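Numbering of the sequence shown is given in the working numbering, commencing with residue 4 and proceeding in unit increments. Glycine is no exception: its CB is placed at the ideal position from the N, C-alpha and C atoms. Since the structure is predicted, the reported quantities are computational estimates derived from the model, not experimental observations. Below: one structure, written as structure tokens.
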Amino acid sequence: MFYAVDSNLQGPEALKKSEKIQALLRHYLRHPLLHYLELVVAIELHRYDSINRFTIYERVCMSSVGETDDELNDQWFNEMKEISLRKEALLQNQLEVAAENQRLMQEMIAEQRHLRAAQEAAQASHEKMRKEQAEATKKLNKISSTLEAILLDSRQQQADKENDPGVSFNNSRLLSSTRNYESEENNTQIRELSATIQSLINKSNDNVVGNKIFVKRNYSLSPKTQIDLWLDLLKSELRTHNLVEFIEKQEFPHLNIEETKNSKQLVRDIITNRLDPTYHKRVLDIKEPIDLINKLCEIKRIESNITTNTIRERLYSLRKSTKETAIEFIDRFETLINEFDKGHKEKMSDEEKASIFHHTLGDTCPELKSTCRVANRTGTAMSYEEMKNSMLQIEAEKPKRTEREMKEKQPKVNAATVPPIEGNRVLPVHRSWTLLHLVSTGEAGSVVLLCVQRHKETQLQELPQQVPRVRTK
């Protein structure tokens, strides 16, 4: 290109200029704007004469190359900055992934430790039961060996007596039959004892499956059963099988679809087996265990006609009876509180419970009310638990104090003494128209009550000297 552009120059000068330009362009050959630079140089060469071509060419090359270096530096800096930002973002992402992996690893380690601890506890329990079985077997063997020794001793004594010439044949035969009967009885006792121990061992083995101890429970949800007690027993049974989470939540990311389905079906079978037919027929179409539990709670709540408003009305209208003990009243009160907490999203606060409890006491426990007044004056109001404990303590001390007061306040009655009298005597008593007929028996200080009748004043002078003994009707 250079020879084509500079074909008008001749001689060493043209060659020198051409080599200089070629070296200059070769130096900046890596530049991306080279084609644009050549076009500018070609235009400049045509605009000016041939004498100044190489000077202009060199000037244009140098100016273009200078401007191009600045642009390249800026572009390179921007590219490097963008690459650095990308590297930082990638590094940050890698750090986050590493932190997440570490967290998952720690959770996995904690779960493995928990499982290992559970397995160790189950193994320890199984080992303990195995040792108990071994000890029972040793005791059985010891008893058996003792009985065998007794049997051998009896046989030896029988043989000695048979060899004794002083013992008759009949006596030896009777002794032999007696010994045989005793040996048979001992063998029967051994067999019965062995069967008893074996049955105990079998029962213990039935409750130990796969290093896990299962406790058999007999319970069912009936119209008379409280839902709280039933749920507690159900959770205990499901916790034994590691299935309690299936009635508390619906998502199980650590299980696959098939395992989740099988576990839910097992939980549903356990729940339905613990239901009365009255409730079982109401939940036949429900498949999810948690929905099944919610439906049963709703059914029990509807049966008892319980809402938050009705429970509040019952609480505020509740009163303690004078014949009711503190434990019975607290049981009734806490039953309503539990029903309110089940039917309400937020549980009742301790302040509200204490206020309602104080209101329901009425005048049956003045000691507790006075204690509450003293606490309010000091600025430390009593909580519900403190009021409940104080009430129980007051009732525990009350019978002793009542018995002592009854002894102190019991009226003292002195027996009336009648002086010795002769003959019949009529004494009025503290009743209207009632008279007592008294007669002496001849002994000093002794008086006998003969009859009690209603007399008129007009008849007092006409009473006979001897009044027959008449029992009062």
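Could you compute how far the alpha carbon of residue i sits from the alpha carbon of residue j?
| i | j | result |
| --- | --- | --- |
| S549 | K401 | Residue 549 cannot be examined here, being either before or after the span of the chain that is shown, 4 to 476. |
| R176 | N144 | Residue confidence for R176 is low, a pLDDT of 47 falling below 50, so the modelled location carries little weight and cannot support an answer. |
| L154 | A137 | 25 Å |
| L278 | L339 | 24 Å |
| I293 | L232 | 17 Å |
| K238 | V247 | 6 Å |
| N276 | L236 | 13 Å |
| N312 | E337 | 16 Å |
| N76 | K90 | 21 Å |
| A120 | E261 | 27 Å |
| V100 | M111 | 16 Å |
| S128 | K134 | 10 Å |
| H257 | E114 | 12 Å |
| F255 | D353 | 36 Å |
| D73 | N104 | 46 Å |
| C454 | E327 | Because C454 carries a pLDDT of 49, less than 50, the predicted location of this residue cannot be relied on, and the following value inherits that uncertainty. Going from the Cα of C454 to the Cα of E327 covers about 46 Å. |
| L94 | K84 | 15 Å |
| Q160 | N221 | 55 Å |
| K141 | R335 | 53 Å |
| E398 | F332 | 12 Å |
| F360 | Q396 | 16 Å |
| E82 | L98 | 24 Å |
| L107 | Q126 | 28 Å |
| K264 | L88 | 47 Å |
| L287 | N259 | 26 Å |
| A152 | A162 | 15 Å |
| S147 | D156 | 14 Å |
| A92 | Q109 | 26 Å |
| A139 | T149 | 15 Å |
| C375 | F249 | 46 Å |
| A102 | A124 | 33 Å |
Buried or exposed: where does residue i fall if 16 or more other Cβ atoms within 10 Å of its Cβ makes it buried?
| i | result |
| --- | --- |
| I86 | exposed |
| P280 | exposed |
| K267 | buried |
| R116 | exposed |
| M394 | buried |
| K356 | buried |
| A329 | buried |
| E342 | buried |
| L241 | buried |
| R285 | exposed |
| V377 | exposed |
| F80 | exposed |
| L371 | buried |
| K131 | exposed |
Thinking just about the alpha-carbon of each residue, which of the options is nearest to the one in residue i?
| i | options | result |
| --- | --- | --- |
| P226 | K267, N245, R304 and E248 | R304 |
| T363 | A399, I397, E316 and Q396 | E316 |
| I302 | H283, L371 and E291 | H283 |
| I230 | A124, E331 and L299 | L299 |
| L224 | E291, L258 and I296 | I296 |
| K345 | I314, F360 and Y222 | I314 |
| Q122 | Q105, Q159, M108 and N245 | N245 |
| T243 | K264, A92, V270 and N259 | V270 |
| S358 | S386, D334, E331 and D366 | S386 |
| Q253 | Q109, D272, T325 and K290 | K290 |
| T325 | T367, A162 and I146 | T367 |
| L234 | I273, A152 and K131 | I273 |
| T228 | Q78, A92 and E306 | E306 |
If we define contact as Cβ-Cβ less than 9 Å, is residue i a contact residue for chain B?
| i | result |
| --- | --- |
| L118 | You won't find chain B in this structure, because it holds only one protein chain. |
Handout entry: Inter-stretch contact at 8 Å, needing at least 3 Cβ pairs: the segment 321-331 / the segment 370-390
Key = no
Practice task
Specify whether the segment 376-383 and the segment 337-356 touch according to this definition: at least 3 beta carbon pairs, one from each stretch, less than 8 Å apart.
Solution key: no
Practice task
Output the residue ranges of the alpha helix (DSSP H) runs that lie fully inside the segment 236-296 and measure 4 residues or longer, sorted by chain position.
Solution key: 260-276 and 280-283
Exercise for the section: Scan the segment 355-396 and note each continuous alpha helix (DSSP H) run of 4 residues or more that stays entirely inside, going in chain order. Expected result: 369-380
Practice task
Could you name each continuous alpha helix (DSSP H) segment of 4 residues or more that falls completely within the segment 69-131, going from the start of the chain to the end?
Solution key: none
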